[in-house]
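This is the structure we're talking about:
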């Protein structure tokens with residue numbers, strides 16, 4: 008397993024962003040254990056945005072100069088490539104992980120807007136889930152992070168790129184104050200299925216059925232919308248459940 012992961016991840020460049028040193032160390036050690044050797048560290052959202060912007064600028068300048076020259080192992084143009092994946096914590100001040108995610112999705116960093124972003128979160132971070140989903144976070148990792156979960160999230164993230172919205176849609180998304188509670192919905196496993204703890208309205212379509220998360224098939228339609236306790240829609244009713252969206256719902260199920 009580790010040897011296979013080393014082959015898949017060995018040539019990738021990761022950025023790990025967290026304001027807690029032990030978390031940065033733990034995530035980095037897990038990445039190194041599966042063969043990753045190119046790891047950059049940022050201890051704040053502002054530092055992360057600065058690093059992403061700097062490396063994107065260098066990458067773009069070098070590409071404009073050597074666009075007709077093939078990459079060679081070890082050359083500077085390859086070493087200055089954009090980050091392949093950003094792993095960022097939700098709860099940082101003054102810029103949260105959502106500010107980093109929004110900067111990427113709006114193109115403010117100069118890096119590709121579809122750069123994969125995996126969000127680190129804890130049980131108290133539920134208030135930010137709706138905004139992260141709207142900003143197309145690729146996946147969530149719930150603290151404490153296990154190596155197995157990390158490998159799984161990275162693999163699924165890199166296999167499926169984000170289908171980007173129009174730039175204006177990302178720019179219009181407001182980043183909530185992490186101290187405000189806008190999403191307190193929890194996920195409940197009653198032994199059969201998982202769903203938000205709220206009154207579930209009867210589906211308009213009498214053919215709708217309640218299905219456990221693990222049994223949902225790609226391409227299924229969501230009968231009723233998933234909302235937070237403020238009534239804001241996280242996933243609209245009638246939405247087609249892609250593999251990516253199903254995986255995100257499974258990630259969120261861990262936020263109990």
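In my numbering, the protein residues as written are 8 to 263. The beta-carbon is built from N, C-alpha and C at its ideal position, and this holds for glycine as well. Given the structure is predicted, the values throughout are model-derived calculations rather than measurements.
A straight line joining the alpha-carbon of residue 31 with that of residue 102 spans about 17 angstroms. C-alpha of residue 154 to C-alpha of residue 163: approximately 14 angstroms in a straight line. Under the three-state reduction of DSSP, residue 153 is assigned to coil, being neither helix nor strand.
In the structure shown, residue 115 falls within a coil segment according to DSSP collapsed to helix, strand and coil. Rounded to whole angstroms, the gap between the alpha carbons of residue 167 and residue 226 is 15 angstroms.
No Cβ-Cβ contact shorter than 8 angstroms links residue 54 with residue 113. If you ignore the 5 residues before and after residue 150, its C-beta comes within less than 8 angstroms of the C-beta of 30, 127, 128, 129, all in its own chain and listed in chain order.
Beta bridge pairing from DSSP links residue 47 with 22.
Between residue 97 and residue 135, the C-beta gap is smaller than 8 angstroms, which places the two residues in contact. Under the DSSP definition of a beta bridge, residue 95 partners with 24, 126. By the neighbour-count definition (other C-beta atoms within 10 Å, threshold 16), residue 17 is an exposed residue. Counted as a single uninterrupted DSSP element, the stretch harbouring residue 227 is not any alpha helix (DSSP H), since DSSP gives it neither H nor E.
In terms of Cβ geometry, residue 169 and residue 145 form a close pair [threshold 8 angstroms]. Looking at the backbone, the Cα of residue 110 and that of residue 45 are separated by about 22 angstroms. Approximately 12 angstroms separates the beta-carbon atoms of residue 119 and residue 70; this is outside 8 angstroms, ruling out the contact.
For residue 146, the secondary structure class from DSSP, reduced to helix, strand or coil, is strand. Between residue 139 and residue 105, the C-beta spacing is below 8 angstroms. According to the DSSP secondary-structure assignment, residue 247 is paired through a beta bridge with 228. Look at residue 162 here: in three-state DSSP terms it is helix. In the three-state reduction of the DSSP assignment, residue 90 falls in the coil class, being assigned neither a helical nor a strand state. Setting aside the 5 residues that flank it on each side, residue 247 is surrounded in the same chain by 226, 228, each with a C-beta closer than 7 angstroms to its C-beta; the list follows chain order. Taking 8 angstroms as the cut-off, the beta carbon of residue 37 is found closer than this to the beta carbon of residue 152.
Selection 93, 117, 58 evaluated against residue 19 yields 93 as nearest (Cα-Cα). With fewer than 16 other beta carbons inside 10 angstroms of its own, residue 100 counts as exposed. Pairing residue 56 with residue 176, the inter-Cα distance amounts to about 20 angstroms.
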